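S.K.: The opening position of the sequence shown corresponds to residue 2 in the numbering used here, with each subsequent residue numbered one higher.
Even glycine gets a Cβ: it sits at the ideal position worked out from N, Cα and C.
Computed from a prediction, not measured in an experiment: that's the story for all the values here.
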Amino acid sequence: MAFAPRASTERPDYSVPQAGTDGISSLAWSPNANILISTNWDGGVRCWEVQESGGQMQALPKAQVNHENNSPVLCSTFSPDGSTVFTAGADKAVRMWKLGQQPTGPPQQIGVHTQPIKAIGFLSSTNLIVSGGWDNKLNFWDARTPNPVGSIDLPDRCHDLDVQGNAMVVATANKQILVYDVTSSPREHIRKESPLKHQTRCISCFPDMSGFAVGSIEGRVGIQYNNKAQEKNSFAFKCHRQEANVFAVNAIAFHPIGTFATVGADGVVTFWDKDNKQKLKGFPSKGQSISCASFNSQGNMFAYAASYDWSKGSSFYKQGTTPNEILLHYTTEDEIKPKKKSR
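1. Quick one: what does DSSP say Asp14 is sitting in, helix, strand or coil?
2. So which of Ser211, Ala120, His114 has the shortest CA-CA distance to Leu162?
3. Measure the alpha-carbon distance for Arg192 versus Asn227 and round it to whole angstroms.
4. What is the C-beta distance between Ser235 and Pro208, in whole angstroms, given that I count them as a contact (C-beta under 8 Å)?
5. Could you check if Pro1 is buried or exposed, using at least 16 other CB atoms within 10 Å of its CB as the buried criterion?
6. Does DSSP put Phe213 in a helix, a strand or coil?
7. Starting from Ile191, trace the beta strand (DSSP E) both ways and give me its first and last residue.
8. So what's Lys233 in DSSP terms, helix, strand or just coil?
9. Using only the alpha-carbon positions, how far apart do Ala144 and Thr85 sit?
10. Under the three-state reduction of DSSP, which class applies to Ala168: helix, strand or coil?
11. Give me the residue from Gln52, Thr260, Asn297, Ser31 with the minimum Cα distance to Lys282.
12. So the alpha helix (DSSP H) Glu336 belongs to, where does it begin and stop?
13. So, helix, strand or coil for Ala266, using DSSP?
14. Identify whether Asn70 lies in helix, strand or coil by the three-state DSSP scheme.
15. What residue does the beta strand (DSSP E) around Val95 start on, and which one ends it?
16. Using 8 Å for Cβ pairs, my map puts Pro73 next to Ser26. What's the rounded Cβ distance?
17. What first and last residue would you give for the beta strand (DSSP E) that runs through His330?
18. Pick helix, strand or coil for Phe272, following the three-state DSSP scheme.
19. Between the C-alpha atoms of Lys319 and Thr105, what's the straight-line distance to the nearest angstrom?
20. Is Asp14 buried or exposed, if buried means 16 or more other CB atoms sit within 10 Å of its CB?
21. Report yes if the C-beta distance between Cys206 and Gly216 is below 8 Å; otherwise report no.
22. Reducing DSSP to helix, strand and coil, say where Lys176 ends up.
23. If Gln65 sits next to Val46, beta carbons under 8 Å apart, how far is it from one beta carbon to the other, in whole angstroms?
24. Are the beta-carbon atoms of Asn67 and Pro107 separated by less than 8 Å?
25. Quick check for students: name the residue ranges of the beta strand (DSSP E) that lie wholly in the region 35-90, counting only runs of 3 or more.
26. If you draw a straight line from the C-alpha of Phe296 to the C-alpha of Ala249, how long is it?
27. What is the DSSP secondary structure of Gly315, counted as helix, strand or coil?
Below, the structure is given as structure tokens:
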């Protein structure tokens, strides 16, 4: 399935200061303020306050904490009130950082897996943190107690997860996808194999919770609906390809109105409209893989990281010399709003 192209006006993107010295693994915006968090392979969790006026942006570094032994941090999420950041990674710990408080050491540990933790989310309906690890576990945490309040055995290692309202999607190794209703105790709603041929890299819920988008290492995205009546509308499309070269889709970020961005190992960011099957905007390549991305809650700022994604192994990376940059793109309505097809 191909998308019809659509032209858009270019606008220079803002480079966030003090982005760290190693690969950027995740970006997260506060749900109710323009506070941006990044996690890095250098063990750092960094925080900026982003100011915007008339499309001009400025990011002010506010604070930084580091995981124990500077272990790589792989994922991050906010509490619904924006007061607290939860992170996890190679130190196998789920950690909590209350913004405005500067810990003397690593952020407070609230849980632990037996293997590194790849993905984290917050369940607003039950006020629980969920973490997915390479120990094939999905654990649920109350920040007030060190033991998990619940645990689910996954079919394989967790590659990614996403939570939107009462819906949670989890992608594991061997192309397995699980969809849960998390209104109360998590209830498995769907278990299926990815519609894509190769390994899953990322997964993201639709804002209206009706389905999800899944991206793979083969430059392809699958749009899937959870309701059986809508299954016929599911489809997949190719992206992040240059001539004979195929690149991984590293992240899928939904805009509040339901359009979305994909970012890839080809250094390209693209905005899409799944409902009309249109390509809304293609960014010029940054010349460096884009590892992660996120829209702010208003949808007028898009953060993405031009940073090594480790897809070619350690021999292609040299700390301190490989480009490592967080960029902010001011997103206009024309760039991201769906455009009906002409009849």
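M.R.: Well, looking at it:
1. Here Asp14 sits in coil by DSSP.
2. Ala120
3. Distance from the CA atom of Arg192 to the CA atom of Asn227, rounded to whole angstroms, is 10 Å.
4. That belief does not hold up - the Cβ atoms of Ser235 and Pro208 are roughly 17 Å apart, past 8 Å.
5. Look at the range of the chain in this structure, 2 to 344, and you will see that residue 1 is not part of it.
6. strand
7. Counting along the chain, the beta strand (DSSP E) containing Ile191 begins and ends at 188-194.
8. It is helical.
9. 11 Å
10. strand
11. Thr260
12. 334-337
13. Coil, per DSSP.
14. helix
15. 94-99
16. 7 Å
17. 325-331
18. Residue state for Phe272 is assigned as strand, using DSSP reduced to three classes.
19. 30 Å
20. buried
21. no
22. helix
23. In this structure, Gln65 and Val46 form a Cβ contact; the two beta carbons are roughly 7 Å apart against a cut-off of 8 Å.
24. yes
25. 36-41, 45-54, 57-67, 74-79, 85-90
26. 20 Å
27. The sequence given here places Ser at residue 315; Gly does not occur at that position. The answer is helix: DSSP assigns Ser315 an H, G or I state.
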